[in-house]
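**Q** In this note's numbering, the protein residues as written are 973 to 1124. Ideal Cβ positions, reconstructed from N, Cα and C, are used throughout, including at glycine. Keep in mind it's a predicted model, so treat the numbers as computed, not measured. Okay, handing you the structure first.
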Amino acid sequence: ISVWEGDRAYPAVKCSRQGGVYDYQDFIGKSLPVNSGASAKVLFAFQGKEVVEQMISSMPFEKRTPHTEMEPQRLLEEYEIIRNQGYAEEWETFNLGEVSFSVPIFGKNNRVWCCLSLAAPKESVTEERAALWLRHLRSGAEDISYKLQFRR
973 ISVWEGDRAY PAVKCSRQGG VYDYQDFIGK SLPVNSGASA KVLFAFQGKE
1023 VVEQMISSMP FEKRTPHTEM EPQRLLEEYE IIRNQGYAEE WETFNLGEVS
1073 FSVPIFGKNN RVWCCLSLAA PKESVTEERA ALWLRHLRSG AEDISYKLQF
1123 RR
């Protein structure tokens, strides 16, 4: 689970299996660049088209891998796709050899301030697995979103 706070994405909670993609506490609480990694991308995209267009020129970008997009116009197009399809996926833009998928969690007033994500080694991803993982992520995010509607 990652959260959007102010103008940044931060990983908040993570469950890793032994030998998994990331060490357990490797970047919890550290700001993520909005141009790499599915969680930061989905959180930024769901701040809304106008907010994204306004903020993108002042956002810090980081070239984490040769696949990381650095061009603001291409990123704007990618954020639009993310909003339309309802999830983000990234292929080696955060770490080489790794892919991730992320879905928004909607709170009150349909505001997105957190997301549910999954990362895996690139070689373990098949079309069938990706579709299954996205179904599970969406189901979990919908359940959390539903429960958040009752917050007071």
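1. Starting from the Cα of L1088, find the closest Cα among E1099, Y1059 and E1043 and give me that residue.
2. Within 10 Å of its beta-carbon, does G1009 have 16 or more other beta-carbons around it, so buried, or fewer, so exposed?
3. Going by the CB atoms, is the gap between V1006 and M1042 shorter than 7 Å?
4. Can you check which of these residues, K1119, K1002 and F1078, is closest to G1020 by C-alpha distance?
5. Straight-line CA distance for S1011 to A981?
6. Could you give the residue range of the beta strand (DSSP E) that holds L1088?
7. Classify Y982 as helix, strand or coil using the three-state DSSP reduction.
8. Have a look at A1103, S1003 and Q1045 and flag the residue whose alpha-carbon is nearest the alpha-carbon of E1075.
9. Return the CA-CA distance between W976 and K1080, expressed in angstroms with no decimal places.
10. Start and end of the beta strand (DSSP E) containing T1078?
11. On the DSSP bridge list, what partners appear for E1061?
12. Out of curiosity, what's the CA-to-CA distance linking Y1118 and R1083?
13. Please state the DSSP three-state secondary structure of S1008.
**A** In terms of the structure at hand:
1. Working through the sequence shown from its first residue, we reach residue 1088 at position 116. It is Y1059.
2. Mapped onto the sequence shown, residue 1009 falls at position 37. Answer is buried; the Cβ neighbour count reaches 16.
3. As a position in the sequence shown, residue 1042 is number 70, starting the count at 1. As a position in the sequence shown, residue 1006 is number 34, starting the count at 1. Against a cut-off of 7 Å, the Cβ pair of V1006 and M1042 comes out as no contact.
4. As a working note, residue 1020 is residue 48 in the sequence shown. Minimum Cα distance to G1020 is reached at F1078.
5. Counting from one through the sequence shown, the residue named residue 1011 turns up at place 39. Counting from one through the sequence shown, the residue named residue 981 turns up at place 9. Each residue's Cα considered, the two are about 8 Å apart.
6. Mapped onto the sequence shown, residue 1088 falls at position 116. L1088 -> beta strand (DSSP E) spans V1084 to P1093.
7. Walking along the sequence shown from the start, residue 982 turns up at place 10. Assigned with DSSP and collapsed to three states, Y982 falls in strand.
8. As a first step, residue 1075 is located in the sequence shown; it is residue number 103 there, counting from the start. For the record, residue 1075 in the displayed sequence is Val; it is not Glu. Ranking A1103, S1003 and Q1045 by CA distance to the CA of V1075 puts A1103 first.
9. Residue numbering aside, residue 976 sits at position 4 when the sequence shown is read from its first letter. Residue numbering aside, residue 1080 sits at position 108 when the sequence shown is read from its first letter. Cα to Cα, the separation comes out at about 15 Å.
10. By one-based count along the sequence shown, residue 1078 stands at place 106. The displayed chain sequence assigns Phe, not Thr, to residue 1078. It spans E1070 to F1078 - the beta strand (DSSP E) in which F1078 sits, taken as one unbroken run.
11. The residue given as residue 1061 occupies position 89 in the sequence shown. In the DSSP output, where bridge partners are listed per residue, E1061 has F1073.
12. Locating residue 1118 in the sequence shown gives position 146, where the first residue counts as 1. Locating residue 1083 in the sequence shown gives position 111, where the first residue counts as 1. Each residue's alpha carbon lies about 13 Å from the other.
13. Indexing the sequence shown from 1 puts residue 1008 at position 36. In the three-state reduction of the DSSP assignment, S1008 falls in the coil class.
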